[in-house]
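Remarks on the structure that follows.
Numbering (the numbering used here), first residue to last: 18 to 165.
Right, dumping it as structure tokens:
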């Protein structure tokens, strides 16, 4: 019997996957526990519509991420910090500070976890930071660290 899974089931399959299941397993376990639906025409059409909607939404999100990546490439973020005489910063510039300054200066909200900063920046100057915006879309932001 062909069934459409409504949830991930270990050893059986993933959600929205169509599988062949034994009649007894489907009728006595999958259907009563609402883990699967019979793969009839109505349910297949609903599944196809759901997959199309998901695909469309992902396409829109990826397009928005690409537009944001292009916008980030054109701007330079300036962060003013306290520094010593030899150009060393007191403390350091973290991903959180970059995220907050991006919000205040350009009104662009990016989660600090998406900013790929291997370690805190401890010197003055200009650096380029990678920002993971979406799967396969990475934006590059130029950050200028200036003394106060």
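Even glycine gets a Cβ: it sits at the ideal position worked out from N, Cα and C.
Q: Just the C-alpha distance for residue 30 and residue 21, rounded to the nearest angstrom, thanks.
A: Reading the chain shown from its first residue, position 13 is the one you call residue 30. Reading the chain shown from its first residue, position 4 is the one you call residue 21. Approximately 10 Å, taken between the alpha carbons.
Q | Residues near residue 43 in its chain [Cβ-Cβ closer than 7 Å; skip 5 each side] | A | In the chain shown, the residue the question calls residue 43 occupies position 26. Counting only Cβ-Cβ distances below 7 Å, and skipping sequence neighbours, we find 18, 20, 53.
Q. Would residue 148 pass as a contact of residue 141 if the rule is Cβ separation under 7 Å?
A. Numbered from 1 along the chain shown, position 131 holds the residue referred to as residue 148. Numbered from 1 along the chain shown, position 124 holds the residue referred to as residue 141. Cβ distance not < 7 Å, so residue 148 and residue 141 don't count as in contact.
Q: Put residue 163 into one of helix, strand or coil per three-state DSSP.
A: In the chain shown, counting from the first residue as 1, residue 163 sits at position 146. In the structure shown, residue 163 sits in a strand (DSSP, three-state: E or B).
Q. If you draw a straight line from the C-alpha of residue 152 to the C-alpha of residue 71, how long is it?
A. To locate residue 152, count along the chain shown from 1; it is residue 135. To locate residue 71, count along the chain shown from 1; it is residue 54. Going by the C-alpha atoms only, they are around 15 Å apart.
Q: Can you tell me which of 162, 126, 163, 156 puts its alpha carbon nearest to the alpha carbon of residue 87?
A: Residue mapping note: residue 87 aligns to position 70 of the chain shown, counting from 1. Cα-wise, what sits closest to residue 87 is 156.
Q) Of the residues 101, 100, 144, 91, which one's Cα is nearest the Cα of residue 115? A) For the purposes of this step, residue 115 is taken as residue 98 along the chain shown, with counting starting at 1. When only C-alpha atoms are compared, the closest one is 144.
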